[in-house]
Amino acid sequence: MRKFLIDTDTASDDAVALCMALREPDIEVLAITVVAGNVPLAQAVQNALYTVELCDADVPVYAGASAPMLRDLVTAEDTHGQDGMGDIGLPLAGRTPTAGWAPERIVELIRSHPREVTLVTIGPLTNLATALLWAPDIATLVERVVIMGGTGAHGPGNVTPSAEFNFWVDPEAVRVVFRSGMPLEVVGWDISVASAVVTPERAAQVRALGSVVGDFALDIQATLASFVEHETRLAGPDFPDPIAMAHAIDPSPASIQRVGVDIAIGPDPMRGALIVDHYGFSELAVNASIVTNYPEPAFFDMLLRLLA
Ligand code: RIB
Ligand code: CA
29 MRKFLIDTDT
39 ASDDAVALCM
49 ALREPDIEVL
59 AITVVAGNVP
69 LAQAVQNALY
79 TVELCDADVP
89 VYAGASAPML
99 RDLVTAEDTH
109 GQDGMGDIGL
119 PLAGRTPTAG
129 WAPERIVELI
139 RSHPREVTLV
149 TIGPLTNLAT
159 ALLWAPDIAT
169 LVERVVIMGG
179 TGAHGPGNVT
189 PSAEFNFWVD
199 PEAVRVVFRS
209 GMPLEVVGWD
219 ISVASAVVTP
229 ERAAQVRALG
239 SVVGDFALDI
249 QATLASFVEH
259 ETRLAGPDFP
269 DPIAMAHAID
279 PSPASIQRVG
289 VDIAIGPDPM
299 RGALIVDHYG
309 FSELAVNASI
319 VTNYPEPAFF
329 DMLLRLLA
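If you use the numbering used here, the sequence shown corresponds to residues 29 to 336, in order.
This is the structure we're talking about:
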């Protein structure tokens, strides 16, 4: 059984990524740690607890950072809904997370399973950066770190022209992670746009599964579908976190580029922009594998298998 640790700002695409990991038979999800991002921390915790319960899983959920390291929290209810899950009336309240603080649990779990844990981050990196500042040794103990964030090798931003949401919310946290020495695999929003758009045809395939989890995965995208229709004008809601999770579950279909990456810290429009040193012009160390392609059929084959 492969051991996964998932850090999430649980909203409508995160929840689908959680379902994928929780339903993959050869993966043991050691814990889900929650960070503020799409929605405030308390709501993200409730959304994660609801999703774990929906999947009949016995996985602890720990609360973590309620705001970025050095900035005010900016949430994204306009993209995912006030409750983060499409505002379709799900009972997303009243559940209790496991006692423990996310950054501390990240450190303890990585230390107790040296070179066995795949850490998947699908929200801002505040919890991971906090863990690294306290325990830098985890950088050499973790097996893989798969990060949904940034704009990939050449992609556009989704919160400003140059920045993707997870990296824009807490760019200081991204810099801590990029400089940590962790084995980074970065899946940018460009990959979601290219290979994880839930077109009407793909949605029909999910609906045809006739499964509770499959219907859940589609129904909670109500706000995202509207956002996409009016803002990003994609052919359907896109799934950045699920395709990052697909890469974590099976990296074999992916094309990657080993490259030096950094993050822009300043004010907009540079805030949170991913700096990719394609030609080694700067003294940036080659510190990441950027996913440059993850084939759409491979992603949807896995998604349909895990939602069936
Ligand atoms: O930019 C996409 C990312 O921001 C995804 O993780 C989505 O859930 C939001 O957090
Ligand atoms: Ca997310």
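Note that CB positions come from ideal geometry on N, CA and C, so glycine has one too.
Distances from the CB of Asp35 to the heavy atoms of ligand 1 are all 6 Å or more.
With distances taken between CA atoms, Gly242 lies nearest to Val226 out of Ser317, Ser310, Pro268, Val226. Judged by DSSP secondary structure, Gly288 falls within the beta strand (DSSP E) whose first and last residues are 283 to 291. Distances from the alpha-carbon of Leu169 to those of His108, Leu33, Glu144, Ala159 put Glu144 closest.
The way I'd put it, the stretch 33 to 51 doesn't touch the stretch 307 to 325; fewer than three beta-carbon pairs between them come closer than 8 Å.
A residue is called buried when at least 16 other Cβ atoms come within 10 angstroms of its Cβ; Ala232 does not meet this threshold and is exposed. Under DSSP, Tyr90 shares a beta bridge with Thr61.
Relative to ligand 2, the nearest heavy atom lies less than 6 Å away from the CB of Ile150. Bounds of the beta strand (DSSP E) holding Asn321 are 316 to 321. Contact check between the stretch 300 to 316 and the stretch 183 to 191: three or more CB pairs, one atom from each, fall below 8 Å, which counts as touching. Secondary structure of Glu56 (DSSP, three-state): strand. Going by beta carbons, Val173 and Pro211 fall inside the 7 Å limit. Listed in chain order, the non-local C-beta contacts of Leu262 below 8 Å within the same chain comprise Val221, Val225, Val256, local neighbours out to five positions each way being set aside. Between the stretch 121 to 130 and the stretch 261 to 276, the count of Cβ pairs shorter than 8 Å is below three; the stretches do not touch. Listed as beta-bridge partners of Met176 by DSSP are Val215. With at least 16 other beta carbons inside 10 angstroms of its own, Ser40 counts as buried. Secondary structure of Arg51 (DSSP, three-state): helix. Between Val197 and Pro96, the C-beta gap is smaller than 7 Å, which places the two residues in contact.
Gln110 sits exposed, since fewer than 16 C-beta atoms from the chains shown fall within 10 Å of its C-beta. The shortest CA-to-CA distance from Asp106 to any of Arg99, Leu98, Asp115, Asp100 is the one to Asp115.
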